[in-house]
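Counting in full-length UniProt numbering, the sequence shown runs from 1 upward without gaps. We put the beta carbon where it would ideally sit given N, CA and C, even for glycine.
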Amino acid sequence: MSELDPVIHAQARLRVVVTLATLADGDRITFPRLQELLAMTAGNLSVHLRKLEDAGYVEIDKTHRGRTPTTLVRLSRRGRRAFEEYTENIRALLDPADPREPR
């Protein structure tokens, strides 16, 4: 079994990744909507998104809708794979028995 990914394992970042993982592959969410769903301050969410972005787990696009600046966030392919690995490792911790062996 591999170690738990420390980038994802921090509680706030785990909440971010779990939320982004619910989106269809390639879908994006606005920063304010993500902030609302997670009930996090803008500063706190920004710090955690930066760490996830530095790890290559999220992609952040800053654009405009009309004259309004908009920040869009999505889980990258690398982030989705890292989260899948993370969940596999958590499952292995919770049930260390080999699933192929009868109980």
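Roughly how many angstroms lie between the CA atoms of ALA97 and LEU45, to the nearest whole one? Taking the first residue of the sequence shown as 1, we reach residue 97 at position 97. Taking the first residue of the sequence shown as 1, we reach residue 45 at position 45. Between ALA97 and LEU45, the C-alpha separation is close to 37 Å.
According to DSSP, is LEU37 part of a helix, a strand, or is it coil? Along the sequence shown, read from residue 1 onward, the residue named residue 37 stands at position 37. The answer is helix: DSSP assigns LEU37 an H, G or I state.
Helix, strand or coil for GLU3? Go by DSSP, reduced to three states. Residue 3 sits at position 3 when you count from the first residue of the sequence shown. DSSP places GLU3 in coil when its eight states are reduced to three.
Per-residue DSSP class, three states only, for PRO69: Taking the sequence shown and counting its residues from 1, one reaches residue 69 at position 69. Looking at PRO69 - three-state DSSP - the assignment turns out to be strand.
Roughly how far, in whole angstroms, is the beta-carbon of VAL17 from the beta-carbon of TYR57, given that I think they are within contact range, below 8 Å? Residue mapping note: residue 17 aligns to position 17 of the sequence shown, counting from 1. Residue mapping note: residue 57 aligns to position 57 of the sequence shown, counting from 1. Contact check for VAL17 and TYR57: beta-carbon distance about 7 Å, within the 8 Å limit, so the pair qualifies.
So, under 8 Å CB-CB, VAL73 and ILE29 are touching, yes? Tell me the CB distance rounded to an integer number of Å. By one-based count along the sequence shown, residue 73 stands at place 73. By one-based count along the sequence shown, residue 29 stands at place 29. Here VAL73 really is in contact with ILE29; their C-beta atoms are around 6 Å apart, less than 8 Å.
Rounded C-alpha distance that separates GLU84 from LEU23: Position 84 of the sequence shown, counting from 1, holds the residue named residue 84. Position 23 of the sequence shown, counting from 1, holds the residue named residue 23. The C-alpha of GLU84 lies about 14 Å from the C-alpha of LEU23.
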